[in-house]
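*Asks:* The sequence shown begins at 24 in our numbering and counts up by one.
Glycine is no exception: its CB is placed at the ideal position from the N, C-alpha and C atoms.
Take this structure, written in structure tokens, and hold onto it; I'll ask about it next.
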Amino acid sequence: MKRTIFSKIHAVHIPQSIDSDINETQPTQSTRLRVCIRSKLTWLIFTIVIIAIITIPTAIILTKKENVVETNLTTIMMTTGEGSTTLMLTTTESSSTTTAKPGSTATKNSSTTTTTTTAAEPDSTTEEAGSSCNSSWNTTGITLLSSSTELSCTRLFVDSNDTLYGVDKDRHYVWKLSKNAESAEIVAGVYNSEGDDSVKLQYPEDVHVDRYGTIYVLDTNNQRVQKFINGTTHGITIAGVGETESDEYSLKELCYPRGFAFDPTYTFMYIADRCVDRVLRFLTNSTSGTDGVLVAGTEEPDNTNEALNGPWSVWYSSWKYNGLFIVNNDGHSVIRWTPGATSGTFVAGLPGISCSNSTCLFEPTDVKTDANLNMYVLDQGNHRVQMFRDNSNVGVTVIGNGVAGNSSMQLDSPRGMAFDSKMNMYVCDTGNGRVQKFLKL
24 MKRTIFSKIH AVHIPQSIDS DINETQPTQS TRLRVCIRSK LTWLIFTIVI IAIITIPTAI
84 ILTKKENVVE TNLTTIMMTT GEGSTTLMLT TTESSSTTTA KPGSTATKNS STTTTTTTAA
144 EPDSTTEEAG SSCNSSWNTT GITLLSSSTE LSCTRLFVDS NDTLYGVDKD RHYVWKLSKN
204 AESAEIVAGV YNSEGDDSVK LQYPEDVHVD RYGTIYVLDT NNQRVQKFIN GTTHGITIAG
264 VGETESDEYS LKELCYPRGF AFDPTYTFMY IADRCVDRVL RFLTNSTSGT DGVLVAGTEE
324 PDNTNEALNG PWSVWYSSWK YNGLFIVNND GHSVIRWTPG ATSGTFVAGL PGISCSNSTC
384 LFEPTDVKTD ANLNMYVLDQ GNHRVQMFRD NSNVGVTVIG NGVAGNSSMQ LDSPRGMAFD
444 SKMNMYVCDT GNGRVQKFLK L
């Protein structure tokens, strides 16, 4: 705003020292001039403040929309069914908390630097552990449980708390050994009592525990899968219909299944149906009598890449290949198979040939993979654990010496293995009636 300070005089000469029209001396005019200047400065400052109030928030909003935010490392715990891992994800300061379900892909919101991480398969901590490329173990085992407890171990599982679960096939129950505990406890089945009701098991072969503590048991001689909700002792049949007298097995029936696995999303369960030489897929929320889907095998034993031969164990890997690793016990091999494919790729062993050199297997019983794409095979007939690098068919013996024995450095007909969060290895040393722990170096 412009203000008029002095009166306008027409056609009159006014001396510099005196304003005759308004009868003011020069000092009085100087005072009014200072007032004028202060007034103008006040308005100028007021205008600057108003402009700042308007422009600064606008600039902040525009800046936040730019991808120029300083990054920091945020640790996000992602829990999978069998286990959890700590992943270092790069996020922005403005990122919100990301919750990832087991097996899901964690993708941050639009205000973050997007980083995706695929979780490991739910039924083990092996892939989640992010094992180092220096894959070696102390070859002297530590006995956790032994024959003094009348143990008949066939398969193992380790959860996110490094709690160890095992199956005692001959005594029809599942046990749990908590970390640092001195004794195991029964969590499914009845000790030394077989049966086909909801409480009992009959020669179970495999076990899996999800992040909620729900226990899944492959109840082999009852030809079914039992689901025990956390805290209950009564199982629910989610696959299989029990024993049948038919020589031909439909997709709803199982025939002495030996192993099972779950995909990363917990949507599907894959079962190695041994005596029909196939792998069937079931929804994990299915019920008894539901048809499975044939995903691998021709239902006739063979050593071609289109068939299976005595499938004993199955493992789902979400790394790189995103599919199944199937152990052919009778075919002395391991085959990798993508669900939906009509054939697989042999990745270990010589199909149909048993021997003991570095490229051979003899009646293998279990397989696992890690985040570095190393594959571990329990070579039962050769009493050892073999490790295969990705795209290599030459195995390296990491546990055992190829000769059956009961020393701390030997195995006898091992049937199952698992890894904890530190990649320590646990082995069902079945022939010796014990569980051995081998420390990661």
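#1: Please list, in chain order, all residues of the same chain as Ala284 whose beta carbon is under 6 angstroms from its beta carbon, the five residues on each side excluded.
#2: Where does Ser444 fall in DSSP's three states?
#3: Can Arg297 and Pro324 be called in contact, C-beta distance under 7 angstroms?
#4: Would you mind working out which of Ser309, Arg281, Pro280 sits nearest Thr290, comparing C-alpha positions?
#5: CA-CA distance, Val370 and Ser415?
#6: Assign Asp452 to buried or exposed, taking buried as 16 or more other Cβ atoms, counted over all protein chains shown, within 10 Å of its Cβ.
#7: Compute the Euclidean distance between the alpha carbons of Gly282 and Ile349, then round it to the nearest angstrom.
#8: Can you give the Cα-Cα distance for Asn245 and Val213, rounded to whole angstroms?
#9: Could you tell me whether the Cβ atoms of Cys176 and Val458 are closer together than 7 angstroms?
#10: Whose C-beta lies closer than 6 angstroms to the C-beta of Asp389 among residues of the same chain, with five residues either side of it excluded?
#11: Could you have a look at Gly346 and say whether DSSP puts it in helix, strand or coil?
#12: Can you tell me where the beta strand (DSSP E) with Thr420 in it begins and where it stops?
#13: If you draw a straight line from the alpha carbon of Gly375 to that of Thr382, how long is it in whole angstroms?
#14: So is Tyr235 buried or exposed if we call it buried at 16+ other beta carbons inside 10 Å?
#15: Looking at Arg304 and Glu322, is the spacing between their C-beta atoms short of 7 angstroms?
#16: When every heavy atom of the ligand SAH is checked, does at least one fall within less than 6 angstroms of the C-beta of Ser431?
#17: How would you label Phe69, buried or exposed, when you count the other beta carbons within 10 angstroms and need 16 or more for buried?
#18: According to the neighbour-count rule (16 or more other Cβ atoms, all chains shown, within 10 Å of its Cβ), is Ala207 buried or exposed?
#19: For Ser436 and Ala427, I'd like the C-alpha separation in whole angstroms.
#20: Do Val181 and Val230 have their C-beta atoms within less than 7 angstroms of each other?
#21: Put Ile259 into one of helix, strand or coil per three-state DSSP.
#22: As a quick exercise: from Gly354, Phe461, Ser366, Thr163, pick the residue whose alpha carbon is nearest that of Asn328.
#23: Can you tell me whether DSSP reads Leu168 as helix, strand or coil?
#24: On a CA-only basis, which of Gln249, Gly425, Phe411 is nearest Phe385? Give me that one, please.
#25: Which whole-angstrom value describes the C-beta separation of Gly265 and Asp220, a residue pair presumed to lie in contact below a C-beta threshold of 8 angstroms?
#26: So what does DSSP say about Arg412, is it helix, strand or coil?
#27: What did DSSP end up calling Gly210 once you bin it into helix, strand or coil?
#28: My output table needs one value for Gly454: the three-state DSSP class, helix, strand or coil.
#29: Measure the alpha-carbon distance for Val450 versus Ser216 and round it to whole angstroms.
#30: Going by DSSP, name the residue or residues bridged to Arg304.
#31: Give the single residue among Asn395, Ala394, Asn397, Ser430 whose Cα lies nearest to the Cα of His406.
#32: With distances taken between CB atoms, is the gap from Ile261 to Phe251 smaller than 7 angstroms?
#33: Please classify Ile71: does DSSP put it in a helix, a strand, or coil?
#34: Going by C-alpha distance, which of Val316, Ser201, Gln225 is nearest Thr186?
#35: Distance, Cα to Cα, Asp314 vs Gln249?
#36: So which of Asn380, Pro387, Asn447, Asn455 has the shortest CA-CA distance to Val417?
*Replies:* With the given structure in hand:
#1: Taking the sequence shown and counting its residues from 1, the one referred to as residue 284 is at position 261. Excluding positions up to five away in sequence, the list reads Asp146, Tyr293, Val337, Trp338, Tyr339.
#2: Taking the sequence shown and counting its residues from 1, the one referred to as residue 444 is at position 421. Of the three classes helix, strand and coil, the one that applies to Ser444 here is coil, per DSSP.
#3: Taking the sequence shown and counting its residues from 1, the one referred to as residue 297 is at position 274. Taking the sequence shown and counting its residues from 1, the one referred to as residue 324 is at position 301. Using a Cβ distance threshold of 7 angstroms, Arg297 and Pro324 do not count as a contacting pair.
#4: The residue you call residue 290 lines up with position 267 of the sequence shown. Considering only Ser309, Arg281, Pro280, the residue with the shortest C-alpha distance to Thr290 is Ser309.
#5: Against the sequence shown, residue 370 aligns to sequence position 347. Against the sequence shown, residue 415 aligns to sequence position 392. Taking the straight line from one Cα to the other gives about 8 angstroms.
#6: Walking along the sequence shown from the start, residue 452 turns up at place 429. With a 10 Å radius around the Cβ and a threshold of 16 neighbouring Cβ atoms, Asp452 comes out buried.
#7: Here residue 282 refers to the residue found at position 259 when the sequence shown is read from its first residue. Here residue 349 refers to the residue found at position 326 when the sequence shown is read from its first residue. Rounded to whole angstroms, Gly282 to Ile349 spans 10 angstroms at the Cα level.
#8: Position 222 of the sequence shown holds residue 245. Position 190 of the sequence shown holds residue 213. Roughly 15 angstroms between the two C-alpha positions.
#9: Here residue 176 is taken as the residue at index 153 of the sequence shown, counted from 1. Here residue 458 is taken as the residue at index 435 of the sequence shown, counted from 1. Closer than 7 angstroms, so yes.
#10: If you number the sequence shown from 1, residue 389 lands on position 366. Around Asp389: Ser336, Leu401, Gly439, Met440.
#11: Position 323 of the sequence shown, counting from 1, holds the residue named residue 346. Secondary structure of Gly346 (DSSP, three-state): strand.
#12: As a first step, residue 420 must be located in the sequence shown, where it is residue number 397. Per DSSP, Thr420 belongs to the beta strand (DSSP E) from 419 to 422.
#13: Residue numbering aside, residue 375 sits at position 352 when the sequence shown is read from its first letter. Residue numbering aside, residue 382 sits at position 359 when the sequence shown is read from its first letter. Going by the C-alpha atoms only, they are around 13 angstroms apart.
#14: As a working note, residue 235 is residue 212 in the sequence shown. So Tyr235 ends up on the exposed side.
#15: Counted from its first residue, the sequence shown places residue 322 at position 299. Counted from its first residue, the sequence shown places residue 304 at position 281. For Glu322 and Arg304, no; Cβs fall outside 7 angstroms.
#16: This structure does not include the ligand SAH; it has no bound ligands of any sort.
#17: Numbered from 1 along the sequence shown, position 46 holds the residue referred to as residue 69. With fewer than 16 Cβ atoms within 10 Å of its Cβ, Phe69 is classed as exposed.
#18: As a position in the sequence shown, residue 207 is number 184, starting the count at 1. Ala207 comes out buried.
#19: As a working note, residue 436 is residue 413 in the sequence shown. As a working note, residue 427 is residue 404 in the sequence shown. Cα to Cα, Ser436 sits roughly 7 angstroms from Ala427.
#20: Start at 1 with the first residue of the sequence shown, and residue 181 comes out as number 158. Start at 1 with the first residue of the sequence shown, and residue 230 comes out as number 207. Contact flag unset, no.
#21: Position 236 of the sequence shown, counting from 1, holds the residue named residue 259. If DSSP states are grouped into helix, strand and coil, Ile259 belongs with the strands.
#22: In the sequence shown, counting from the first residue as 1, residue 328 sits at position 305. Measuring from the Cα of Asn328, the nearest candidate turns out to be Ser366.
#23: Reading the sequence shown from its first residue, position 145 is the one you call residue 168. In the structure shown, Leu168 sits in a strand (DSSP, three-state: E or B).
#24: Here the question's residue 385 lines up with position 362 in the sequence shown. A check of alpha carbon separations from Phe385 across Gln249, Gly425, Phe411 identifies Gly425 as the nearest.
#25: Within the sequence shown, numbered from 1, the residue matching residue 265 stands at position 242. Within the sequence shown, numbered from 1, the residue matching residue 220 stands at position 197. With a Cβ gap of about 11 angstroms, Gly265 and Asp220 do not count as contacting.
#26: By 1-based counting over the sequence shown, the position of residue 412 is 389. Of the three classes helix, strand and coil, the one that applies to Arg412 here is coil, per DSSP.
#27: Mapped onto the sequence shown, residue 210 falls at position 187. It should be pointed out that residue 210 corresponds to Val in this sequence rather than to Gly. Correct three-state label for Val210: strand.
#28: Along the sequence shown, read from residue 1 onward, the residue named residue 454 stands at position 431. In this structure, Gly454 counts as helix in the three-state DSSP scheme.
#29: Position 427 of the sequence shown holds residue 450. Position 193 of the sequence shown holds residue 216. If I take the Cα positions, the gap works out to 25 angstroms.
#30: Walking along the sequence shown from the start, residue 304 turns up at place 281. The partner list for Arg304 (beta bridge, DSSP) reads Tyr293, Val316.
#31: Start at 1 with the first residue of the sequence shown, and residue 406 comes out as number 383. Minimum Cα distance to His406 is reached at Ser430.
#32: As a position in the sequence shown, residue 261 is number 238, starting the count at 1. As a position in the sequence shown, residue 251 is number 228, starting the count at 1. Cβ atoms of Ile261 and Phe251: not closer than 7 angstroms.
#33: The residue labelled residue 71 in the question sits at position 48 within the sequence shown. The answer is helix: DSSP assigns Ile71 an H, G or I state.
#34: Counted from its first residue, the sequence shown places residue 186 at position 163. Checking every option, the nearest Cα to that of Thr186 belongs to Ser201.
#35: The residue labelled residue 314 in the question sits at position 291 within the sequence shown. The residue labelled residue 249 in the question sits at position 226 within the sequence shown. Their Cα atoms are separated by approximately 16 angstroms.
#36: Counting from 1 along the sequence shown, the entry for residue 417 is found at position 394. Selected option, being the one with the closest Cα: Asn380.
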